[in-house]
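Residue numbers (this note's numbering): 127 to 305.
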């Protein structure tokens, strides 16, 4: 896969993309191994925890990662198949508000992540260089198929860091070591 160039994505995704060091495909494969372990290390009774009023719970953050991956993979598929229809914005707060995520177990979220990521990896491996470089409009911004792969990997890393620093960092809340 050719390296990602700055003209392949809008600046709004820069923070996520900069979280990917090295091969994006290697990162995506590594995450399918390490992120489920990260989830398994969160005690079930902390799933509904939030670090401040009005913030999402741990389960909501985890499901937001899933929803975002699903939306970005769908966008990548559309553009890879040369469908140049402009795609509507993704309203993340609406997804969380209507997702009933706190009714789920952490085990079910972990399982969904594994199946989702593995299915997406199969899809991403079918894309050739021409398809990866195709561009389309999503949320009013021009972006390549390849950039969506970086957004997916970097978005997960971004929220994993937030979970570690803001949700799981307080020793009185959590007495476990997260990898």
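Idealized CB from N, CA, C, for every residue including glycine.
Give me the Cα-Cα distance between residue i and residue j, rounded to the nearest whole angstrom.
i, j, result
"residue 278", "residue 272", "10 Å"
"residue 186", "residue 169", "15 Å"
"residue 172", "residue 141", "28 Å"
"residue 206", "residue 233", "32 Å"
"residue 287", "residue 134", "25 Å"
"residue 295", "residue 208", "44 Å"
"residue 259", "residue 270", "6 Å"
"residue 159", "residue 252", "21 Å"
"residue 230", "residue 137", "34 Å"
"residue 132", "residue 151", "18 Å"
"residue 180", "residue 161", "25 Å"
Only counting the same chain, and skipping five residues up and downstream in sequence, which positions put a Cβ closer than 8 Å to that of residue i?
i, result
"residue 265", "213, 214, 215, 216"
"residue 192", "235, 238, 239, 242"
"residue 198", "274, 277, 278, 281"
"residue 143", "130, 135, 273, 276, 277, 280"
"residue 218", "190, 193, 194"
For residue i, write down the residues that DSSP places opposite it in a beta bridge.
i, result
"residue 269", "262"
"residue 213", "264"
Is there a Cβ of chain D sitting closer than 8 Å to that of residue i, yes or no?
i, result
"residue 179", "Here chain D cannot be found, since the structure has a single protein chain."
Among the options, which one has its Cα closest to the Cα of residue i?
i, options, result
"residue 261", "164, 171, 161, 203", "203"
"residue 249", "228, 225, 267, 274", "274"
"residue 148", "290, 230, 276", "276"
"residue 223", "143, 182, 165", "182"
"residue 220", "231, 196, 195, 190", "190"
"residue 196", "231, 132, 293, 247", "247"
"residue 268", "201, 227, 231", "201"
"residue 174", "165, 227, 144", "227"
"residue 244", "156, 143, 131, 285", "156"
"residue 257", "218, 291, 210, 225", "210"
"residue 285", "229, 137, 165", "165"
Can you list, in chain order, the residues of its chain with a C-beta nearer than 6 Å to that of residue i? Leave out the 5 residues immediately preceding and following it.
i, result
"residue 127", "none"
"residue 146", "153, 276, 279, 280"
"residue 254", "none"
"residue 297", "Any reading at residue 297 needs caution, since the residue's pLDDT is 44, under 50, leaving its predicted position unreliable; the model's value is listed next. Around residue 297: no qualifying Cβ."
"residue 283", "145"
"residue 263", "212"
"residue 225", "189"
Identify, in the order they occur along the chain, each residue of the same chain with its Cβ nearer than 7 Å to the Cβ of residue i, setting aside the five sequence neighbours on each side.
i, result
"residue 289", "184, 187"
Just confirm the distance between the C-beta atoms of residue i and residue j, as a whole number of angstroms; I'd bet it's less than 8 Å.
i, j, result
"residue 139", "residue 293", "No, residue 139 and residue 293 are not in contact; Cβ-Cβ is about 23 Å, not under 8 Å."
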